[in-house]
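Comments concern the structure below.
Number of protein chains: 2
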Amino acid sequence: MYTDQQKEIALIAKVFGHPARVAILQQLFKIDACYCGDLSEEIGLAQPTISQHLKELKTLGLIKGTVEGVKVCYCIDIENWTKMKMLMHQFLDQDIPKADCC
Amino acid sequence: MYTDQQKEIALIAKVFGHPARVAILQQLFKIDACYCGDLSEEIGLAQPTISQHLKELKTLGLIKGTVEGVKVCYCIDIENWTKMKMLMHQFLDQDIPKADCC
DNA sequence: TTGTTTAATTGCAATAATACGATTAATGTT
DNA sequence: AACATTAATCGTATTATTGCAATTAAACAA
């Protein structure tokens with residue numbers, strides 16, 4: 001029904017389609033690494049909610065987490081983020097017509 | 001709770017978060033203009049479903065439609081698409097850390 | 001006017017997403 | 001071992017999204 005590319009773009013975009021996940025990602029870029037509890041405080045959502053959002057980001061491969069004692073340190077997965085960026089640019093930067101058609 | 005930027009990025013991404021809307025946009029880029037009925041055939045969804053997706057894209061300002069007799073011609077809104085692209089690039093092209101932190 | 005074509009709207013059923021309290025799991029500390 | 005800390009999972013209520021049949025609306029044609 002849809003091309004693989006269309007499905008993948010939609011999957012990525014869906015993950016960006018919630019402000020909490022946008023906020024989490026921006027925070028990870030800003031401070032380079034973060035703990036679930038810190039994010040919960042920073043963003044203002046309950047810990048299970050943040051954990052759930054982190055899981056979605058992790059499932060897509062955009063972030064990774066490593067256990068550090070009793071905490072889990074999350075950060076951007078640079079390689080996958082770069083790959084994702086290429087796909088999204090491909091979609092966003094399509095050649096636009098010279099003039100509005102209507 | 002979230003910044004305006006975060007909310008706007010999420011709103012845009014949410015619209016891209018369904019393969020049907022990705023397909024519609026790609027088709028509009030490809031053939032420069034399209035009618036609702038053509039999209040319905042091309043994509044394989046019922047006319048009301050396509051109409052609904054078109055409405056969401058229009059609400060966000062990414063496309064515009066002009067009545068052409070009994071049909072409605074849809075096309076990309078170049079100006080708004082360009083604006084949207086800038087916002088998304090701002091988000092996607094954040095400075096990534098030199099090395100994985102974890 | 002009457003019919004034809006196309007798109008929008010309505011109503012509704014099915015599914016998915018979101019948020020969080022309660023609990024469990026894992027690790028570290030005393 | 002017993003406790004403390006942190007994050008994941010479970011269960012569940014609420015809300016949002018999706019898809020479409022049926023209908024309505026709008027424009028044109030005969």
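Protein chains in written order, with my numbering: chain D, 1 to 102; chain U, 1 to 102. From the three backbone atoms N, C-alpha and C, an ideal C-beta is built for every residue, glycine too. Just so it is clear, the structure is predicted and the values come from calculations on it, not from any experiment.
When 7 Å is used as the limit between beta carbons, Ile50 (chain U) is near no residue of chain D, the shortest such separation being about 13 Å. Sequence-distant Cβ neighbours of Lys71 (chain U) in its own chain, meaning closer than 6 Å and more than five residues away, are Tyr35. DSSP places Thr3 (chain D) in the coil class of the three-state scheme, outside both helix and strand. Residue-level contact check: Lys71 (chain D) does not touch chain U, since none of the beta carbons of chain U fall below 8 Å from its beta carbon.
Between Tyr74 (chain D) and Leu45 (chain D) the beta-carbon gap is near 15 Å, outside 8 Å, which marks them as no contact. Pairing Gln94 (chain U) with Phe16 (chain D), the inter-Cα distance amounts to about 14 Å.
Annotation: Gln6 (chain D) to Val22 (chain U) spans about 6 Å, alpha carbon to alpha carbon.
Across the structure, Glu42 (chain D) and Cys102 (chain D) are spaced so that their CA atoms are roughly 45 Å apart.
One alpha carbon belongs to Ile9 (chain U), the other to Val67 (chain U), and they sit about 30 Å apart.
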